[in-house]
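A.B. asks: All residue numbers for the sequence shown refer to this note's numbering, where the first residue is 177 and numbers rise by one.
Every residue gets a Cβ at the ideal spot worked out from N, C-alpha and C, and that includes glycine.
Nothing here was measured: the structure is a model prediction, and the numbers come from that model.
Right, I'll just put the structure down here and ask away after.
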Amino acid sequence: MKRRIAILGSTGSIGTQALEVVKQHPDKLDVEVLTAHSNAPLLIRQALEFMPNAVVIAKESMYERVFEALDPYDIKVYRGSASIEQIVEMDSIDMVLVALVGWSGLKPTLRAIEAGKTIALANKETLVVAGELVTKLARDKGVNIYPVDSEHSAIFQCLAGEFHNPVEKIILTASGGPFRGKNHEELLHVTKAQALKHPNWNMGCKVTIDSATLMNKGLEVIEAKWLFNLEIPQIEVVVHPQSIIHSMVQFADGSIKAQMGLPDMRLPIQYALTYPTRLPSQFPKFSFDDCLQFTFEKPDKENFKCLNIAYEAIRLGGNMPCIMNAADEVAVHAFLREEITFLQIPELIERCMSKSSFVKCPSLNDYEASDIESRSIATELIGRFRK
Ligand code: NDP
Ligand code: MG
177 MKRRIAILGS TGSIGTQALE VVKQHPDKLD VEVLTAHSNA PLLIRQALEF
227 MPNAVVIAKE SMYERVFEAL DPYDIKVYRG SASIEQIVEM DSIDMVLVAL
277 VGWSGLKPTL RAIEAGKTIA LANKETLVVA GELVTKLARD KGVNIYPVDS
327 EHSAIFQCLA GEFHNPVEKI ILTASGGPFR GKNHEELLHV TKAQALKHPN
377 WNMGCKVTID SATLMNKGLE VIEAKWLFNL EIPQIEVVVH PQSIIHSMVQ
427 FADGSIKAQM GLPDMRLPIQ YALTYPTRLP SQFPKFSFDD CLQFTFEKPD
477 KENFKCLNIA YEAIRLGGNM PCIMNAADEV AVHAFLREEI TFLQIPELIE
527 RCMSKSSFVK CPSLNDYEAS DIESRSIATE LIGRFRK
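Right, here's the structure in full:
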């Protein structure tokens with residue numbers, strides 16, 4: 177039987193790579209739904225190639241264009257963010273790949289879980305914002321969440337066959353990003369173009385900037401806590417610049433298991449889409465001919481403050497990770513528009529966290545209110561930075 181999937185964010189970095197995986201396994205995977213924010217031309221091309229049942233374009237002004245192109249082909253076309261939330265409930269969907277970026281992933285993920293759909297989750301911000309709510313709902317509904325993020329996929333793979341053995345700790349690997357080894361003085365002058373040049377991974381802009389600040393690793397610590405039901409002291413971060421070991425698990429007897437592979441998201445995407453089966457892959461594979469040295473170092477938390485900011489946010493708990501996430505989204509976009517400097521990103525997030533209203537046990541409404549409040553505070557702070 178084919179697994180019928182909805183790809184939310186099909187025009188992004190994860191979405192397009194997921195479609196490459198589907199193309200390799202047409203006998204196992206079927207595309208039922210595709211969604212995009214505003215990239216109508218690519219969404220149309222993807223729809224004509226994969227012939228889904230339906231597509232959604234979130235940006236309303238792009239609807240006519242997509243509708244006209246797909247109308248002759250019996251592909252339903254919907255518009256608006258609310259349609260992304262609704263479409264995941266379609267009976268014919270088995271699995272929802274959430275490859276949206278930032279806060280936009282949260283509500284569609286909750287709706288898909290409510291509808292009992294298996295989740296393949298790339299959108300780490302969903303668990304950062306509301307990990308407790310999302311994982312509780314998944315438990316209540318008996319829904320599995322399979323990680324797509326490479327580190328979490330690595331841990332998931334290391335845990336195969338070990339589910340009855342307690343985890344002592346996990347070790348998340350980080351590449352260190354393009355600015356690894358730079359001191360404060362050097363970081364004062366780094367540019368957007370430099371920050372967007374990740375040494376090992378080719379990803380969307382938001383996650384690439386998060387990788388440069390180490391916020392990405394902070395988000396992943398929180399993501400791991402909720403996915404694997406861990407306490408924060410059980411989650412360590414080590415820098416491994418070659419990005420071949422994607423993460424490790426240490427068990428009670430001291431044994432450490434690691435998962436390795438090239439830095440290529442198509443492997444963890446395929447693992448999530450086809451779990452528990454490992455299907456053959458035509459994509460390039462790691463060979464020791466290419467890399468004979470693996471190195472490890474401690475993360476530089478002094479110069480890359482975002483990692484500690486994330487540890488602090490999850491230590492405080494409640495809506496603090498949600499506040500941090502909203503501030504980070506605003507800060508990253510301001511940096512991409514060259515309105516703030518690289519080192520102002522952590523400064524902005526910290527100030528936003530200290531000014532936003534804290535809620536110890538938030539509901540979905542509280543998260544929505546926190547997201548709005550934090551974005552508004554962050555936007556106001558950016559205005560002051562620029563003066
Ligand atoms: P991209 O920015 O490349 O793609 C995002 C996708 O979501 C696009 O299809 C975009 O549509 C759509 N989208 C963006 N904003 C909205 C919105 N408000 N409403 C509806 N759709 C929206 O992101 P990535 O693929 O890089 O990342 C996706 C997620 O996966 C992120 O959470 C990231 O942290 C995570 N991740 C990514 C990795 C990677 O290698 N890229 C690795 C590990 C995790 P459009 O194209 O029309 O703008
Ligand atoms: Mg990752």
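1. Bridge partners for methionine 436 per DSSP, in chain order?
2. Cα separation between asparagine 359 and phenylalanine 480?
3. Closer than 6 Å from C-beta to any heavy atom of the ligand MG: which residues, in chain order?
4. Nearer than 6 Å: is that true of the beta carbon of asparagine 501 relative to any heavy atom of the ligand NDP?
5. How far does the beta strand (DSSP E) with valine 319 in it extend, from its first residue to its last?
6. Buried or exposed for alanine 258, going by 16 or more other Cβ atoms inside 10 Å?
7. Under 7 Å Cβ to Cβ from isoleucine 516, same chain only, skipping five residues before and after it: list those, please.
8. Taking contact to mean 3 or more Cβ pairs, one atom from each stretch, closer than 8 Å, check whether the segment 250-267 and the segment 285-297 are in contact.
9. Over the uninterrupted alpha helix (DSSP H) stretch that includes threonine 211, give me the two end residues.
10. Could you check where the alpha helix (DSSP H) with isoleucine 269 kicks off and where it finishes?
11. On the DSSP letters alone, give me the boundaries of the beta strand (DSSP E) that valine 231 sits inside.
12. Please classify arginine 442 as buried or exposed, where buried requires at least 16 neighbouring CB atoms within 10 angstroms.
13. For cysteine 482, which residues in the same chain have their Cβ closer than 6 Å to its Cβ, ignoring the five residues on either side in sequence?
14. Closest by CA to valine 415, which one among His365, Pro475, Gly188, Tyr249?
15. Have a look at glutamate 196 and phenylalanine 459 and give me their C-alpha separation to the nearest angstrom.
16. Given a cut-off of 7 Å, decide if alanine 275 and alanine 298 are closer than it, judged by their beta-carbon atoms.
17. Helix or strand or just coil, what does DSSP make of arginine 454?
18. Within this structure, are the beta carbons of valine 198 and valine 231 separated by less than 7 Å?
19. Can you list, in chain order, the stretches of the alpha helix (DSSP H) that have 4 or more residues and sit fully within the segment 271-352?
20. Quick one, which of Ala448, Cys528, Asn501 has its alpha-carbon nearest isoleucine 183's?
21. Comparing alpha-carbon positions, which option in Leu273, Val304, Leu348 lies nearest asparagine 320?
22. If we ignore side chains and look at the alpha-carbon of each, how far apart do threonine 187 and glutamine 435 end up?
23. Under three-state DSSP, which class holds alanine 182?
24. When burial is assigned at 16 or more other CB atoms within 10 Å of the CB, is serine 539 buried or exposed?
25. Would the C-beta of threonine 555 count as close to the ligand NDP, meaning under 6 Å from any of its heavy atoms?
26. Would you check if there are 3 or more beta carbon pairs closer than 8 Å linking the segment 239-255 to the segment 221-230?
C.D. replies: Based on what the coordinates show:
1. Locating residue 436 in the sequence shown gives position 260, counting from the first residue. Ile421, per the DSSP bridge assignment.
2. Taking the first residue of the sequence shown as position 1, residue 359 is located at position 183. Taking the first residue of the sequence shown as position 1, residue 480 is located at position 304. When rounded, the distance between both Cα atoms is 9 Å.
3. Asp325, Ser326, Glu327, Glu396
4. For the purposes of this step, residue 501 is taken as residue 325 along the sequence shown, with counting starting at 1. Not under cutoff, so the answer is no.
5. Counted from its first residue, the sequence shown places residue 319 at position 143. Segment: none, valine 319 is in no beta strand (DSSP E) and carries neither H nor E.
6. The count along the sequence shown starts at 1 and reaches residue 258 at position 82. Exposed, because fewer than 16 other Cβ atoms sit within 10 Å of the Cβ of alanine 258.
7. Taking the sequence shown and counting its residues from 1, the one referred to as residue 516 is at position 340. These residues qualify, in order along the chain: Ala507, Ala510, Leu524, Ile558, Phe561.
8. yes
9. Within the sequence shown, the letter at position 35 stands for residue 211. Run containing threonine 211: none in the alpha helix (DSSP H); it sits in the beta strand (DSSP E), 205-212.
10. Position 93 of the sequence shown, counted from the start, is the residue given in the question as residue 269. Here isoleucine 269 belongs to no alpha helix (DSSP H), and DSSP marks it neither H nor E.
11. Position 55 of the sequence shown, counting from 1, holds the residue named residue 231. Per DSSP, valine 231 belongs to the beta strand (DSSP E) from 230-233.
12. Sequence index remark: in the sequence shown, residue 442 carries index 266 (1-based). Its Cβ being crowded by 16 or more others within 10 Å, arginine 442 is buried.
13. Within the sequence shown, the letter at position 306 stands for residue 482. For cysteine 482, where only same-chain residues beyond five positions count, the Cβ hits under 6 Å are Thr389, Leu390, Met391, Gly394, Pro522.
14. Counted from its first residue, the sequence shown places residue 415 at position 239. Closest by alpha carbon: Pro475.
15. Locating residue 196 in the sequence shown gives position 20, counting from the first residue. Locating residue 459 in the sequence shown gives position 283, counting from the first residue. C-alpha separation (whole angstroms): 10 Å.
16. Translated into the one-based positions of the sequence shown, residue 298 becomes position 122. Translated into the one-based positions of the sequence shown, residue 275 becomes position 99. Yes. Within cutoff.
17. Reading the sequence shown from its first residue, position 278 is the one you call residue 454. DSSP places arginine 454 outside both helix and strand once states are collapsed to three, so it counts as coil.
18. For the purposes of this step, residue 198 is identified with residue 22 of the sequence shown, where counting begins at 1. For the purposes of this step, residue 231 is identified with residue 55 of the sequence shown, where counting begins at 1. No. Outside cutoff.
19. 282-290, 300-317, 326-334
20. One-based indexing of the sequence shown puts residue 183 at position 7. The option with the nearest alpha carbon to isoleucine 183 is Ala448.
21. Position 144 of the sequence shown holds residue 320. Taking only the C-alpha atoms, the option nearest asparagine 320 is Leu273.
22. As a first step, residue 187 is located in the sequence shown; it is residue number 11 there, counting from the start. As a first step, residue 435 is located in the sequence shown; it is residue number 259 there, counting from the start. The straight-line gap from Cα to Cα measures roughly 28 Å.
23. Indexing the sequence shown from 1 puts residue 182 at position 6. It is a strand residue.
24. Within the sequence shown, numbered from 1, the residue matching residue 539 stands at position 363. Per the 10 Å Cβ criterion, exposed.
25. The count along the sequence shown starts at 1 and reaches residue 555 at position 379. Relative to the non-hydrogen atoms of the ligand NDP, the Cβ of threonine 555 never comes closer than 6 Å to any of them.
26. yes
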